[in-house]
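Just below is one structure, and these are the notes that go with it.
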Amino acid sequence: MTDGGKCDHHRREYERRRGSASARGYGRRWRKARAAFLREHPICEIYCKDKNLVTASTVVDHIQPHRGDLDLFWDQSNWQAGCKPCHDSKTSLEDGGFGRTTKG
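Position one of the sequence shown corresponds to residue 234 (the working numbering), numbered consecutively onward.
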């Protein structure tokens with residue numbers, strides 16, 4: 234098994250279907266916008282804020298999953314800064330990770 238609980242064969246198949254990060258919009262333009270957003274929003278805004286925790290943000294989260302909609306992808310009002318654990322938890326809930334069903 235590898236990270237994510239998938240065997241190497243299924244991980245490669247998943248990655249092939251998913252496409253590269255660049256193909257999904259996360260290329261040079263995104264990296265530049267992400268860096269600027271994180272400079273302006275240095276503290277996690279996902280779950281840490283509700284727990285009164287001050288945690289450095291390292292990820293820009295799409296509040297509403299964009300699912301390939303480039304207008305929603307680039308809409309900064311749909312962005313929030315987060316730490317990786319909060320982002321991964323939120324994404325797992327949205328994507329049906331750990332056997333959950335997906336939302337809406």
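Every residue, glycine too, gets a C-beta built ideally from N, C-alpha and C.
Here the structure is a predicted model, which is why all the values come from computation and not from measurement.
Does residue i come out as helix, strand or coil in the three-state DSSP assignment?
i, result
"Gln313", "strand"
"Gly329", "coil"
"His295", "strand"
Looking at residue j and residue i, is the spacing between their C-beta atoms short of 9 Å?
i, j, result
"Gly315", "Val292", "yes"
"Phe270", "Gln297", "no"
"Ile279", "Lys323", "yes"
Following the continuous alpha helix (DSSP H) through residue i, name the residue where it begins and the one where it ends.
i, result
"Arg300", "No alpha helix (DSSP H) holds Arg300; DSSP gives it neither H nor E."
"Leu358", "The question about residue 358 has no answer here: the residues shown for the chain are numbered 234 through 337."
Please classify residue i as buried or exposed, where buried requires at least 16 other C-beta atoms within 10 Å of its C-beta.
i, result
"Cys240", "exposed"
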